[in-house]
Amino acid sequence: MKNAKIVLGVSASIAAYKAVELVRLLVKEGVEVRVVMSANAGQFVAPLTFEALSGHPVYHTQFDSQNSAEMEHIRIAENADLLVVAPATASMLGKMAHGLADDALSSLHLAFKGPVLIAPAMNEGMWGHAAVKENIAVLKSRGVEFVDPESGELACGVIGPGRLADIPVILNKIKSYFNQRDDLNGIRFLITAGPTHEAIDPVRYLSNPSSGKMGYAVAEQVKARGGEVVLISGPTYLKPPPGVDFKPCKSADEMNGLVQEYLENCDVLVMSAAVGDFAAENLEKEKIKKQGDEGLVLKLVATKDILLEVAKRNSGKLVVGFAAESQNLVESALEKLKIKNLDLIVANDISAPGIGFQSDSNQVTIIDREENMENLPLKPKREIADLLLDRILSRLKRP
Ligand code: CTP
-11 MKNAKIVLGV SASIAAYKAV ELVRLLVKEG VEVRVVMSAN AGQFVAPLTF
39 EALSGHPVYH TQFDSQNSAE MEHIRIAENA DLLVVAPATA SMLGKMAHGL
89 ADDALSSLHL AFKGPVLIAP AMNEGMWGHA AVKENIAVLK SRGVEFVDPE
139 SGELACGVIG PGRLADIPVI LNKIKSYFNQ RDDLNGIRFL ITAGPTHEAI
189 DPVRYLSNPS SGKMGYAVAE QVKARGGEVV LISGPTYLKP PPGVDFKPCK
239 SADEMNGLVQ EYLENCDVLV MSAAVGDFAA ENLEKEKIKK QGDEGLVLKL
289 VATKDILLEV AKRNSGKLVV GFAAESQNLV ESALEKLKIK NLDLIVANDI
339 SAPGIGFQSD SNQVTIIDRE ENMENLPLKP KREIADLLLD RILSRLKRP
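Structure follows, in structure tokens:
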């Protein structure tokens, strides 16, 4: 989250004092926090408190003829990555749902085009009221996200739902916007990606249309979640994600050499490369010349199956394979899972239009060693990568 720009909207709730702690923690994470207050929030916490903690002026009056920076809060809205409203009162939810702009915070909300996260806080009767529920439904339908209040003793003495969610819970939710979970901290990933090139002569090779996007997305998400990555990649047009230890290669044989070399120092192997199954038996030193109308007979030999080689080593690593299938998706994937002794396999149907090799999205089925199957809907590869990493993490945590 370092250098992220967050606007924290504080509305008039007794829980406003908790927002002070939220500002402190965000600033500690390197976030630039701008606080905007609703018309009455200053009754609970003085703007000066937020000003001192955030290091920036606090906007709490919509029209201030003394202030040369009038409408400054609208300018802030243009530059922010995220608007967090915590605490959000029932009244503020109503204003946001209905597009009112009668104070600094509600005006900023209307001017803001980015993602919005709301942590409500109110009396339990208000929280259960149909009007509040409808306002929340309207906001959710616009893509606004919520950190729901908790149950507990409320300021009015009643016990029930309505208490502002704990600040660490709100902070975690904010972090998830910036993908700053560090749940893979200390876990070492070896990831393969892309196609391989099996040379026939100095200018020709056998290959496949793999773009490498899936493997690169996994590498990127591992880094975002605090893990370490050695990325072994066949030839692609992609830029290696920042912070990965990048090992380029061309042929299946080279890829196999690198995997065997780096396997020992990893905890998880994610084999997403589309490794060529066949290579020319003889690599011609010179360019093969065309002989009139005559065709060419090439003798191909099988390449080493990298995952089978890994299985033979019985390395004790968590191993994930991929299966690109054009028919019998589940049966073929299950067969590969068993033969290659995998913990997880990610299967996708390459015959389906709009998904797979070159696409930014994919539709996959994740199958584990116990043969539990999870059919995921069509999703961006980055999201699939994150879901796969969640599954890997939960297997690593098993006793
Ligand atoms: N794989 C491998 N070494 C190879 C070929 C594939 O390690 N020489 C890995 C892939 O990276 C993938 C898994 O094995 O994780 C399955 O690859 P896939 O191409 O779907 O299957 P194959 O085993 O090659 O079988 P087939 O092509 O006949 O479906």
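Going by this note's numbering, the residue at position 63 of the sequence shown is 51; the numbering climbs one at a time, nothing skipped.
C-beta atoms are modelled at their ideal positions from N, C-alpha and C, and glycine is treated no differently.
As the structure is a prediction and not an experimental result, all values here were calculated from the model.
In terms of side-chain proximity, the C-beta atom of T224 is found no nearer than 7 Å to any non-hydrogen atom of ligand 1.
Burial of E20 is indicated by the presence of at least 16 other C-beta atoms within 10 angstroms of its C-beta.
Taking all protein chains in view, the Cβ of Q209 is crowded by 16 or more other Cβ atoms within 10 Å, so the residue is classified as buried. According to DSSP, P108 shares a beta bridge with A76. In the three-state reduction of the DSSP assignment, V15 falls in the helix class. Check the Cα spacing between S260 and each of G231, I372, M25, K16: the tightest is with I372. Runs of the alpha helix (DSSP H) spanning 4 or more residues and lying entirely within the segment 215 to 254 occur at 240 to 251, in chain order. Going by beta carbons, E186 and F266 fall inside the 8 Å limit.
At least 8 Å separates the beta-carbon of D233 from that of L306. By the neighbour-count definition (other C-beta atoms within 10 Å, threshold 16), E122 is an exposed residue. Of the residues G(-3), G145, S349, T353, the one whose Cα lies closest to the Cα of A321 is T353.
In the DSSP assignment, K(-7) falls within the beta strand (DSSP E) that extends over -7 to -2.
Residue range 306 to 313 is occupied by the beta strand (DSSP E) that includes A311. Here the segment 126 to 138 makes no contact with the segment 170 to 177; the two share fewer than three CB pairs at distances below 8 Å.
Counting every other CB atom within 10 Å of its CB across the protein chains shown gives V73 a total of 16 or more, marking it as buried. Here the C-alpha atom of A68 lies approximately 13 Å from the C-alpha atom of M(-11). DSSP places R192 in the strand class (E or B) of the three-state scheme. Residue state for L317 is assigned as helix, using DSSP reduced to three classes. Each of G140, L296, K161, A92 was checked against the Cα of G150, and the nearest Cα belongs to G140.
Among the bridge pairs identified by DSSP, K367 is matched with N350. Taking a contact to require three or more Cβ pairs closer than 8 Å, the segment 271 to 289 and the segment 326 to 333 do not qualify as touching. Measuring C-alpha to C-alpha distances from V308 to each of K278, I355, D189 identifies I355 as the nearest. The segment 147 to 165 and the segment 107 to 119 touch, with three or more beta-carbon pairs separated by less than 8 Å. Of the candidates L296, K369, L246, K369 places its Cα closest to the Cα of Y204.
Within the same chain, and ignoring the five residues on either side of A65 in sequence, the residues whose Cβ sits closer than 6 Å to its Cβ are L96, A99, F100. In this model, R22 and E297 are separated by some 55 Å (Cα to Cα). With a contact defined as Cβ atoms closer than 8 Å, L246 and I276 miss out at about 28 Å. As the crow flies, the alpha-carbon of G148 is around 10 Å from that of G116.
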